[in-house]
Amino acid sequence: MQKKQHSKRFKVLRVLIIIALALVVLAVAAVAVHQALVKAPVVSDQPSVNQNAGKSDEDSAGDTDGESSAVTRKENFYTFLILGRDTGGGGNTDTILLAAYDVANQVLNVMSIPRDTMVNIPYDIKKINAVYNYAGGGDEGIEAVYTEVSELVGFVPDFSVVVEWEAVGELVDAIGGVWFDMPYNMYYDDPTQDLHIYVSKGYQLLDGDAAMDVIRWRQNNDGTGYSNGDIGRIATQQVFLQAVVEQCLQIQNVTKIQEFAEIFEENVTTDLTLGNLVWLAEQAIFGGLTMDNVNFTTMPGNYNGSAWSRSYQTYLSYVLPDAEELLAIINESFNPYTVDLTTEGLDIMSVNADGTLSSTTGVVEDSAAASG
Numbered sequence: 001m002q003k004k005q006h007s008k009r010f011k012v013l014r015v016l017i018i019i020a021l022a023l024v025v026l027a028v029a030a031v032a033v034h035q036a037l038v039k040a041p042v043v044s045d046q047p048s049v050n051q052n053a054g055k056s057d058e059d060s061a062g063d064t065d066g067e068s069s070a071v072t073r074k075e076n077f078y079t080f081l082i083l084g085r086d087t088g089g090g091g092n093t094d095t096i097l098l099a100a101y102d103v104a105n106q107v108l109n110v111m112s113i114p115r116d117t118m119v120n121i122p123y124d125i126k127k128i129n130a131v132y133n134y135a136g137g138g139d140e141g142i143e144a145v146y147t148e149v150s151e152l153v154g155f156v157p158d159f160s161v162v163v164e165w166e167a168v169g170e171l172v173d174a175i176g177g178v179w180f181d182m183p184y185n186m187y188y189d190d191p192t193q194d195l196h197i198y199v200s201k202g203y204q205l206l207d208g209d210a211a212m213d214v215i216r217w218r219q220n221n222d223g224t225g226y227s228n229g230d231i232g233r234i235a236t237q238q239v240f241l242q243a244v245v246e247q248c249l250q251i252q253n254v255t256k257i258q259e260f261a262e263i264f265e266e267n268v269t270t271d272l273t274l275g276n277l278v279w280l281a282e283q284a285i286f287g288g289l290t291m292d293n294v295n296f297t298t299m300p301g302n303y304n305g306s307a308w309s310r311s312y313q314t315y316l317s318y319v320l321p322d323a324e325e326l327l328a329i330i331n332e333s334f335n336p337y338t339v340d341l342t343t344e345g346l347d348i349m350s351v352n353a354d355g356t357l358s359s360t361t362g363v364v365e366d367s368a369a370a371s372g
């Protein structure tokens with residue numbers, strides 16, 4: 001009897017050992033797969049608007065015959081152009097964000113570029129939110145927006161992220177909703193888009209549908225809304241996005257990193273891989289990114305600018321960037337190079353006293369609107 005019991009215990013022990021070994025093998029395999037797929041984004045050699053961006057004085061002085069030294073980038077510093085498309089309202093990129101994630105120092109900076117920002121393009125309507133569609137959308141649209149943004153900020157962002165509205169709602173639902181203090185009663189209906197927004201003022205837990213309403217809302221059915229137009233909408237979006245980021249950084253959401261990345265991948269057009277997205281999320285949560293180091297700002301400029309439209313036969317409102325103030329913000333928070341950018345090569349538009357337009361490059365692409 002003792003021999004049989006001993007044999008039975010041995011068999012049980014052997015099974016447990018086999019199971020333990022199998023678990024070890026699976027764990028090792030999971031780690032290997034994670035290491036193979038989850039990788040830091042690889043930054044390509046993006047051209048800079050500044051001829052000598054990122055080069056020291058010695059490098060610049062040594063350039064001859066059109067040859068230039070390689071630019072010097074900050075280590076583990078990534079820049080992103082994030083475009084939010086209003087797919088229900090024609091597809092314009094009404095939300096444009098420039099983001100910079102300094103992984104080494106765990107700092108995330110985000111700058112909103114107003115949709116009415118004037119850019120130097122050859123057609124009558126010069127608002128940056130229309131560039132994507134004017135260029136035909138898709139890859140061509142992205143490249144066109146890249147060009148305009150790079151000529152505003154002095155460098156080409158490393159990666160693009162074109163977000164459809166569904167991504168916001170799904171992400172908010174995945175993190176269990178977002179607590180947010182609604183600044184206004186939002187009551188708006190647009191049957192042409194099948195858009196109906198009904199969110200009451202006050203502190204509340206927003207689900208995905210309500211979150212999408214908040215970031216889209218501009219005014220109510222009775223015409224009340226943001227007193228300062230799109231700038232008020234941008235401010236609300238920034239506070240809301242801060243709340244979303246804060247919720248995503250909670251340690252209990254560590255197990256949802258893969259889910260977040262998959263939601264992101266399914267609802268965006270981006271040149272980042274799923275592995276890149278997971279890596280970035282892990283760096284933020286495990287690396288110690290806190291809301292103290294998440295900063296939002298808005299592009300500085302004249303928000304009361306206007307210019308005559310030949311198409312509409314009326315004056316259209318524009319935001320006219322302030323080149324010096326913008327450059328100061330870029331160098332402090334978004335410049336991926338180790339040397340400061342300059343105003344060289346920037347294409348900043350302005351409206352003259354006679355209503356004609358000028359550019360810091362000296363060339364206005366729409367000759368009908370140019371001065372003299």
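Numbering-wise, this note's numbering puts 129 at position 129 of the sequence shown, and it's gapless, one number per residue. Ideal Cβ positions, reconstructed from N, Cα and C, are used throughout, including at glycine. Bear in mind that the values here come from a model prediction, so they are computed numbers and not experimental data.
Starting from the C-beta of residue i, find all residues in its chain whose C-beta is less than 7 Å away, skip the five residues before and the five after it, and write them out in chain order.
{"i": "Tyr-184", "result": "Lys-201"}
{"i": "Glu-356", "result": "The residue asked about is misnamed: residue 356 is Thr in this sequence, not Glu. Answer for Thr-356: Ala-369, Ala-370, Ser-371, listed in chain order."}
{"i": "Gly-225", "result": "Arg-218, Gln-219"}
{"i": "Asp-116", "result": "Lys-127, Asp-230, Ser-317, Tyr-318, Val-319"}
{"i": "Met-306", "result": "Here the sequence assigns Ser to residue 306, which means Met is not the residue at that position. Result list for Ser-306: Tyr-315, Leu-316, Ser-317, Tyr-318, in chain order."}
{"i": "Glu-170", "result": "Gly-208, Ile-263, Asn-267"}
Could you check what DSSP says for residue i in three-state terms: helix, strand or coil?
{"i": "Trp-217", "result": "coil"}
{"i": "Thr-95", "result": "strand"}
{"i": "Ser-309", "result": "strand"}
{"i": "Asp-354", "result": "coil"}
{"i": "Gly-362", "result": "coil"}
{"i": "Ile-82", "result": "strand"}
{"i": "Gln-242", "result": "helix"}
{"i": "Asn-276", "result": "helix"}
{"i": "Asp-190", "result": "strand"}
Which residue or residues does DSSP assign as beta-bridge partners of residue i?
{"i": "Tyr-132", "result": "Answer is none; Tyr-132 lacks a bridge partner."}
{"i": "Pro-321", "result": "Gly-301"}
{"i": "Thr-117", "result": "Val-319"}
{"i": "Thr-314", "result": "Ser-309"}
{"i": "Gly-137", "result": "Bridge partners of Gly-137: none, in fact."}
{"i": "Tyr-123", "result": "According to DSSP, Tyr-123 bridges with nothing at all."}
{"i": "Thr-270", "result": "Val-161"}
{"i": "Ala-210", "result": "Paired residues: none, contrary to the question."}
{"i": "Gln-204", "result": "Phe-180"}
{"i": "Gly-225", "result": "Gln-219"}
Rounded to the nearest angstrom, what separates residue i and residue j at their Cα positions?
{"i": "Thr-269", "j": "Asp-354", "result": "42 Å"}
{"i": "Ala-100", "j": "Thr-147", "result": "18 Å"}
{"i": "Asp-340", "j": "Asn-293", "result": "22 Å"}
{"i": "Ala-397", "j": "Thr-255", "result": "The chain is shown only over 1 to 372; residue 397 falls outside these bounds and no answer can be derived."}
{"i": "Phe-77", "j": "Leu-289", "result": "14 Å"}
{"i": "Ile-96", "j": "Arg-73", "result": "24 Å"}
{"i": "Glu-325", "j": "Ala-135", "result": "29 Å"}
{"i": "Asp-181", "j": "Asn-228", "result": "19 Å"}
{"i": "Ser-44", "j": "Thr-273", "result": "14 Å"}
{"i": "Gly-138", "j": "Leu-327", "result": "29 Å"}
{"i": "Val-364", "j": "Leu-206", "result": "45 Å"}
{"i": "Ala-106", "j": "Gln-313", "result": "A small correction: the amino acid at residue 106 is Gln; Ala does not occupy that position in the sequence shown. In a straight line, the C-alpha of Gln-106 is about 49 Å away from that of Gln-313."}
{"i": "Asn-267", "j": "Ala-144", "result": "21 Å"}
{"i": "Glu-265", "j": "Lys-39", "result": "15 Å"}
{"i": "Gln-242", "j": "Ala-235", "result": "11 Å"}
{"i": "Pro-41", "j": "Asn-276", "result": "5 Å"}
{"i": "Tyr-110", "j": "Val-199", "result": "Residue identity check: residue 110 is Val in the sequence provided, not Tyr. Each residue's Cα considered, the two are about 26 Å apart."}
{"i": "Ile-263", "j": "Phe-80", "result": "18 Å"}
{"i": "Val-162", "j": "Gly-223", "result": "30 Å"}
{"i": "Ile-330", "j": "Gln-193", "result": "37 Å"}
I'd like the list of long-range same chain contacts for residue i, defined as Cβ closer than 8 Å, with 5 residues on each side in sequence excluded.
{"i": "Asn-221", "result": "Tyr-187, Tyr-188, Asp-189"}
{"i": "Ser-309", "result": "Asp-124, Ile-125, Tyr-315, Leu-316"}
{"i": "Glu-75", "result": "Ala-104"}
{"i": "Ile-257", "result": "Val-278, Ala-281, Glu-282, Ile-285"}
{"i": "Asp-271", "result": "Phe-159, Ser-160"}
{"i": "Phe-240", "result": "Val-178, Phe-180, Ala-211, Val-214, Ile-215"}
{"i": "Asn-304", "result": "Ser-317"}
Any Cβ of chain C within less than 8 Å of the Cβ of residue i?
{"i": "Asn-105", "result": "Absence of chain C from the displayed structure is noted, only one protein chain being present."}
For residue i, I'd like the list of residues in its chain whose CB is within less than 6 Å of its CB, leaving aside the five on either flank, ordered along the chain.
{"i": "Asn-335", "result": "Leu-341"}
{"i": "Thr-93", "result": "Leu-83, Arg-85, Asn-129, Tyr-132"}
{"i": "Ser-359", "result": "Asn-120, Asp-347, Met-349"}
{"i": "Tyr-203", "result": "Asp-181"}
{"i": "Asp-366", "result": "Pro-122"}
{"i": "Gln-237", "result": "Ile-215"}
{"i": "Thr-361", "result": "Asp-347"}
{"i": "Val-172", "result": "Val-178, Gly-208, Ala-211"}
{"i": "His-196", "result": "Asp-189"}
Within the present structure, is the beta-carbon of residue i separated from the nearest heavy atom of the ligand ZN by less than 7 Å?
{"i": "Arg-218", "result": "This structure does not include the ligand ZN; it has no bound ligands of any sort."}
- Query: Does the segment 162 to 181 touch the segment 208 to 215, meaning 3 or more C-beta pairs lie closer than 8 Å?
  - Reply: yes
- the segment 265 to 281 contacting the segment 299 to 310, beta-carbon criterion three pairs below 8 Å: no
- Item | Cβ contact (3+ pairs, closer than 8 Å) linking the segment 114 to 127 and the segment 241 to 249 | no
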